[in-house]
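Counted from 1, the sequence shown has number 174 at position 174 by full-length UniProt numbering; the numbering is strictly sequential. Every residue gets a Cβ at the ideal spot worked out from N, C-alpha and C, and that includes glycine.
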Amino acid sequence: MEQIGKISAIIRHPVKSLSGEQVESTKLMAYGVYGDRSHTFLEENRYHTATQNPKMVGYSAAFDGEESAQQFPRVLITAPDGRTFYWDDEACLDEFQELAGKPLKKEVYAPENVPLGAIEEEHILIVNEASVKALEEETGKPIDWRRFRPNLVVSLINGTPFSEEQLAGKRLQIGSTEIEIVRPCERCSIINIDPVSTGIDPLVLKTVYQKHGNIFGMYAAVRKAGVISVNDKILAAGERQS
């Protein structure tokens, strides 16, 4: 199999719409990265997200403990001002209800089955480092790849921006896992939110829309679960099986 790149970063978001954590190694489950979007806030039985409340992105969430198949580790949340609290603390719900200005509920899924709707439209979102750099040149501004909320940041050997789009239909082997690149990711206003300041910059989405048909990054589906690590080689394993 031909090596086409390597994994530069692995990111999971234990709480949907909060900033996530970078990990050196993790399990790739049938639904995606272990624990990704496993904890969610609901309003009137629908997901409460950064689309409605951009300030959620200013909070970060990370697992505090070892990965387990029986239950998720506790989730530690860090507020923009440095305060910390756990997902299961009463203060957590109070904090986000005040931020939202409305009643919310919390929901947690099981480690073996986080539903696709919570995760997004596919199991994994991949962003190419070269494409981020190209977007910086197009906007004339530094771009933090975290605003695209990827699970995998990749460095492709060809170094060509947006060449990840040519991988649609390909199966890739990473570590002990196998994924299939399914389709491009159409973007929404969440990418306008700065992941540090939570300020809004419409130029980001405007540029992606005008120059790239509103596409940035690729969705992938897990075909074989296993373990992935930073610096793992990305190997082209073949075409989609019909």
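Using 10 angstroms around the beta-carbon of residue i, count the other beta-carbons present and answer buried if the total reaches 16, otherwise exposed.
| i | result |
| --- | --- |
| E180 | buried |
| residue 259 | This structure does not reach residue 259, given that the chain is present from 1 up to 242, and the question cannot be answered. |
| D94 | exposed |
| S60 | buried |
| T51 | exposed |
| R46 | exposed |
| P14 | buried |
| S131 | buried |
| P150 | buried |
| residue 268 | A question about residue 268 goes unanswered here, because the residues of the chain that appear run from 1 up to 242. |
| N122 | Asn is not the amino acid found at residue 122; the sequence shown has Glu there. Per the 10 Å Cβ criterion, buried. |
Give me whichever residues DSSP pairs with residue i in a beta bridge.
| i | result |
| --- | --- |
| N128 | V154 |
| H39 | V15, V108 |
| G32 | M29 |
| T177 | I174 |
| N231 | Paired residues: none, contrary to the question. |
Report the three-state DSSP secondary structure of residue i (helix, strand or coil).
| i | result |
| --- | --- |
| N192 | helix |
| P54 | helix |
| T198 | coil |
| Y219 | strand |
| R147 | helix |
| N214 | coil |
| S163 | helix |
| Q22 | strand |
| Y59 | coil |
| residue 243 | Nothing about residue 243 can be read from this structure; the chain reaches only from 1 to 242. |
| V182 | strand |
| T49 | coil |
| A168 | coil |
| A100 | helix |
Determine, using beta carbons only, whether residue i comes closer than 7 Å to chain C.
| i | result |
| --- | --- |
| T26 | The structure shown contains no chain C, having only a single protein chain. |
Can at least three beta-carbon pairs, one atom from the stretch 202 to 217 and one from the stretch 147 to 163, be found at a separation below 8 Å?
-> Because the criterion of three Cβ pairs below 8 Å is met, the stretch 202 to 217 and the stretch 147 to 163 touch.
For the stretch 63 to 73 against the stretch 185 to 192, are there 3 or more C-beta pairs whose distance is under 8 Å?
-> no
Can we say the stretch 105 to 116 touches the stretch 40 to 54, given the rule of at least three CB pairs closer than 8 Å?
-> Yes: at least three Cβ pairs fall under 8 Å.
Please determine if the stretch 18 to 37 and the stretch 79 to 88 are in contact, where contact requires at least 3 C-beta pairs separated by less than 8 Å.
-> no
contact_flag[the stretch 230 to 237, the stretch 197 to 213] where n(CB pairs < 8 Å) is 3 or more = no
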